[in-house]
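Q: What follows is a structure written as C-alpha cells; I'll ask about it next.
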Ligand code: SF4
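Residue numbers (my numbering), protein chains in the order written: chain A, 1 to 456; chain B, 457 to 725.
Here it is, written out as C-alpha cells:
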C-alpha cells in the first residue's frame, strides 16, 4: 500500500438496494483501489475492494481491440439494422445512463427491459394492478412497531437494513429499538435472518398466496376453511394471531423479496400482499416495500416509468411504448420471438438466462457494456469496458424506497462511463434512423389501431 | 372462391398483422391486399412479403402456414369468418367484436383478450391469458364465446365480465381469477387458485379441485341450467356423457374476500 491516499466521507455503496450513503472510503491513489470502507457491511466491503482497474481494451469488436469511435459506429449500425433489437440490464448503472438507454430503445424502435423482469417485475405489475401503500425507510426507522419480512433474507442480502432502518435502530417513536418492535419472518427456510425474528412462520414452499389469502379473510373477519393448515402447513391459530397483530399495531411494514415474487403465482403473490396491506389500512397504518436487490434496479423502474409510462418490458416497435411482460420481456424476446440484436448494459444474462435465450444470444450480434469480464462479454461481438458507476463516476442511484441518492466517486478510471458510451451510441442511432424512418411514416400511424383501441 | 393467405416466407421476428381481419380485407383485389401494411418487428412490410394472396373475400378468409410468429390476427374483427390452419401467435382475435375464428392448431398467449362478441374455436391448445384482460385494465372479456378443444394455461378468463369459455382439456392455475361474471366450463382438471378474487360468475369442472380457503361448501345439487349449457357444448363436438347432463354437482361459494357471489361447481356423481 502506498502513502498516497485520500479519504472520502459520505460516499455511497451501490451494491444492494439499501444504497448506504454513510461510507467512509480510503482510496489508494497510486494503485487505484479502495483499501478501507468504514461503515460498510461485509457485502459492501467486498464490493469496494473487488473493484480494481482490469487491464482490458476500452473497446473490442469480435475480440479485436478497436477505437472507441469504431465500436460506437458498429453498435449503432447493429442496433439500427435490427428489426427486433433489445436492450437489457440497467440495474448496475446510474439514472443518467438508464435515461440514455431508454432514448436508444426509442430511436431504434426496439424493446427495453431491466433485470426487474427476473426479480421484482411481478412487483411492478402488482403496483399497476392493485396499487401500493408506500413509505420511506426513514419512516420505518422512526415509526414501525411491526416489521414483517416475507420471502426475503436481509441478513444475507441487505445486511444493514436491520441496523440502519428496520430492526435494531432506535427511532423517534421507537425509543428502545428492537425492544419496541415485533419482527416476523415468513420463510419456509431457517435463514440467517431467522435469529432476529420474534416470530418465524414457516409455510410450505410456494403456498404464500394461499396464506396471504387466508390472512386477508381473517383481517376482514371472514371464515377461513380449516384446510388451510393442510395446504400451507401453518396452523389457523398462528394466522389468526398474525392477523390480530397486524390490525393492532401502530405502524406496520412488510418487506418482501424474491421468495414471494418468483414463486408459483408471481404477480398474484405480490398483488395479494398489496391487497392485504390495503385491507389493513382500514384498521391501522400499514405499508409494503419490496426489498430490492441490485444497486439501482429501483432506478431502472423509475426511469423507465418516467420516460415511457411503464417500469420494464417496454417495446417501441410501432413508435410508441407498449408494456407487456411475458411478451416484451428479455427472456421471451430472445427465447421465443428471436430478437435479432441485443445490447446488455452492466448485467450478465448469459450466466443466468434460460438455455434457449442464451442460445439465441450466440446467434445474434450482442453488444456488452461492463466493468469487468463476464460470460456475456465473452460471447458479445462488441465489448465496451466501462468505469464503475458510483466508484468512478458521478450520478444518481435510487434506494429501494424510491429515494434518489447522489453518488460520490472515489477515484478515476481510464475507461469511459456508460453514460458517455450510451450517449455516443444514442446520437449515432438517431442520425442513422432519420434516414431509415423517413419512408412509410403515414402507414405506420394506421397499424396497431385495433390493438391500441383494445388496450384502452 | 374464398380469400386465402398462405405463408410463403416465415418471418424472422414477430409480424404484427391485425390487418388480417375480414373488416380490413373485404372489397380489395389481390394486389391491393398484398400491399396492405404489416409490421415485421419495427419495419413496415407488406402482406405480400409473407403471404401468397389468392381469391376474393366472400365472407371467409383462410390463413395457412406456421403462423406462430404472426400476432394480432383477427384483432378487433366485427364480422365474417376467419379460418386459420396452423399454429398461431399471440393476441389472436384480441378485442374481437363479432364474427367467427376457427383455428386448426395451437394458439399462443392472450388469445381473445378483452373480446366483446363473436366466437373463437380453437381445435388445439391455448396459451396463457386466454380471454383475459390486457395488462393494466380491470375487465377481461365482456361477451362472446371461446371454445378450446385442448388445454389452456394460466389465467384463463381472468377478470371476465360476461360470455362463455369452454376448455375441453385441462386448465392451469388461476382459472377465472378476479372474475366478475360469466361462465367457464373446464371438462378436464383445473390447476390451483381457481376463482381467486372472483365476485360473481360460474366456474364448472368435471373433476375435483384444490380450492382456496375462502371458498365454502354450500350444497350438492343439480343446477337446471347446466343441462342447457352442456347440451349446447355437446353440439359443438365435446364428449359429454349423460351422467354429467343429469348428475349432481358440489357448489362452492366464494370468493369471501370479495362479494362471495361466485360459484365453483364440481361434478360429484
Ligand atoms: S447494506 Fe447494502 S448498500 Fe449498505 S453497505 Fe451493505 S451492501 Fe452496501
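Glycine included, each C-beta is placed from N, C-alpha and C at the ideal position.
All figures in this text were calculated on a predicted structure; none of them were measured in a lab.
Residues of the region 378-392 of chain A in Cβ contact with chain B at a cutoff of 7 Å, in chain order, please.
A: From the region 378-392 of chain A, no residue has a Cβ closer than 7 Å to chain B.
Q: What number of angstroms, rounded off, separates the C-alpha of residue 398(A) from the C-alpha of residue 117(A)?
A: Going from the Cα of residue 398(A) to the Cα of residue 117(A) covers about 18 Å.
Q: With DSSP collapsed to three states, give me the class of residue 440(A).
A: Here the model assigns residue 440(A) a pLDDT of 45, short of 50, so the residue's position is not dependable, and the following value carries that caveat. Of the three classes helix, strand and coil, the one that applies to residue 440(A) here is coil, per DSSP.
Q: Using a beta-carbon distance below 7 Å, is residue 286(A) in contact with chain B?
A: No, residue 286(A) does not count as interfacial toward chain B.
Q: Would you list, in chain order, the members of the region 122-150 of chain A that have their beta-carbon closer than 8 Å to a beta-carbon of chain B?
A: Listed in sequence order: 125, 128, 129.
Q: Which one or two residues does DSSP pair with residue 111(A) in a beta bridge?
A: Residue 111(A) pairs with 86(A), 315(A).
Q: Can you pull the chain B neighbours of residue 83(A), defined as C-beta to C-beta under 8 Å?
A: Per Cβ cutoff of 8 Å: 468, 469, 496, 497, 498, 499.
Q: Suppose the cutoff is 7 Å on Cβ atoms and the five residues either side in sequence are ignored; what does the same chain contact list for residue 443(A) look like?
A: For residue 443(A), the predicted structure reports a pLDDT of 41, less than 50, and the residue's modelled location is therefore unreliable. A value from the coordinates is still provided. Closer than 7 Å at the Cβ level, and outside the excluded window around residue 443(A), lies no residue.
Q: Check the Cβ of residue 228(A) against every Cβ in chain B and list those closer than 8 Å, keeping chain order.
A: Result: 669.
Q: Using DSSP with H/G/I as helix, E/B as strand and the rest coil, what is residue 3(A)?
A: Of the three classes helix, strand and coil, the one that applies to residue 3(A) here is coil, per DSSP.
Q: Below 7 Å between beta carbons is the criterion; list the residues of the region 200-219 of chain A that meet it against any residue of chain B, in chain order.
A: If the cut-off is 7 Å between Cβ atoms, the region 200-219 of chain A has 209, 210, 213, 214, 216, 217 near chain B.
Q: Let me see if you follow: with CB-CB separation under 7 Å, is residue 451(A) close to chain B or not?
A: Residue placement at residue 451(A) cannot be trusted, given a pLDDT of 40 that sits under 50; what the coordinates show is reported in the next sentence. It does: the Cβ of residue 451(A) has a partner Cβ on chain B nearer than 7 Å.
Q: To which residues of the same chain is residue 174(A) closer than 8 Å at the C-beta, ignoring the five residues directly before and after it?
A: These residues qualify, in order along the chain: 141, 142, 143, 144, 145, 180, 181.
Q: Verify the contact flag: residue 44(A), CB atom, against every heavy atom of the ligand SF4, threshold strictly below 6 Å.
A: The answer is yes for residue 44(A).
Q: Find the residues of chain A that neighbour residue 584(B), judging by a C-beta separation of less than 8 Å, and give them in chain order.
A: The contacting residues are 326.
Q: Quick one: residues in its chain with C-beta nearer than 8 Å to the C-beta of residue 32(A), no 5 flanking neighbours on either side, listed in chain order?
A: Counting only Cβ-Cβ distances below 8 Å, and skipping sequence neighbours, we find 52, 53, 411, 412, 413.
Q: Since residue 629(B) meets chain A, which of its residues come closer than 9 Å, beta carbon to beta carbon?
A: Result: 264, 265, 268.
Q: Please look up how many angstroms separate the CB atoms of residue 108(A) and residue 429(A), rounded, as I've assumed it's under 8 Å.
A: Yes, residue 108(A) and residue 429(A) are in contact; Cβ-Cβ is about 5 Å, under 8 Å.
Q: Give me the Cα-Cα distance between residue 467(B) and residue 538(B), rounded to the nearest whole angstrom.
A: Residue 467(B) and residue 538(B): Cα-Cα distance of roughly 21 Å.
Q: Any beta carbon from chain B within less than 7 Å of residue 338(A)'s own beta carbon?
A: Answer yes: the Cβ-Cβ gap between residue 338(A) and chain B drops below 7 Å somewhere.
Q: Along the chain, where does the alpha helix (DSSP H) containing residue 688(B) start, and where does it finish?
A: That run of the alpha helix (DSSP H) goes 680-691.
Q: So what's residue 722(B) in DSSP terms, helix, strand or just coil?
A: Strand, per DSSP.
Q: Cβ of residue 292(A) within 6 Å of any heavy atom in the ligand SF4?
A: Residue 292(A) Cβ: outside cutoff for every heavy atom of the ligand SF4.
Q: May I have the straight-line CA-CA distance separating residue 434(A) from residue 604(B), to the nearest angstrom?
A: For residue 434(A) and residue 604(B), the distance between alpha carbons rounds to 46 Å.
Q: Is it the case that the region 231-248 of chain A contacts the region 121-138 of chain A, given that we only count it when at least three CB pairs across the two stretches are under 8 Å?
A: The region 121-138 of chain A vs the region 231-248 of chain A: no contact.
Q: Is there contact between the region 155-175 of chain A and the region 253-270 of chain A, where contact requires at least three CB pairs shorter than 8 Å?
A: Cβ pair count under 8 Å is three or more, so yes.
Q: Ends of the beta strand (DSSP E) at residue 59(A)?
A: 59-61 is the extent of the beta strand (DSSP E) around residue 59(A).
Q: Suppose the cutoff is 7 Å on Cβ atoms and the five residues either side in sequence are ignored; what does the same chain contact list for residue 454(A) look like?
A: Bear in mind that the predicted position of residue 454(A) carries a pLDDT of just 38, short of 50, making it too unreliable to give a figure here.
Q: Quick one: does the C-beta of residue 160(A) sit closer than 6 Å to a heavy atom of the ligand SF4?
A: Yes, since a heavy atom of the ligand SF4 falls inside the 6 Å radius drawn around the Cβ of residue 160(A).
Q: Are any of the Cβ atoms in chain D nearer than 7 Å to that of residue 613(B)?
A: In the displayed structure, chain D is absent; the protein chains listed are A and B.
Q: Quick check: the Cα distance between residue 420(A) and residue 113(A), rounded to an integer number of angstroms?
A: Between residue 420(A) and residue 113(A), the C-alpha separation is close to 20 Å.
Q: Which parts of the region 100-161 of chain A are runs of the beta strand (DSSP E), unbroken and 3 residues or longer, counting only runs that do not cross its ends?
A: List check, beta strand (DSSP E) in window: 111-114, 146-150.
Q: Could you tell me which residues DSSP puts in a beta bridge with residue 575(B)?
A: Looking at the DSSP assignment, residue 575(B) forms a beta bridge with 556(B), 601(B).
Q: Helix, strand or coil: how does DSSP classify residue 495(B) here?
A: It is a strand residue.
Q: Count the other CB atoms, across all protein chains shown, that sit within 10 Å of the CB of residue 465(B); report buried if there are 16 or more and exposed otherwise.
A: Exposed.
Q: Consider the Cβ of residue 373(A): report whether some Cβ of chain B lies at a distance smaller than 7 Å.
A: No, residue 373(A) does not count as interfacial toward chain B.
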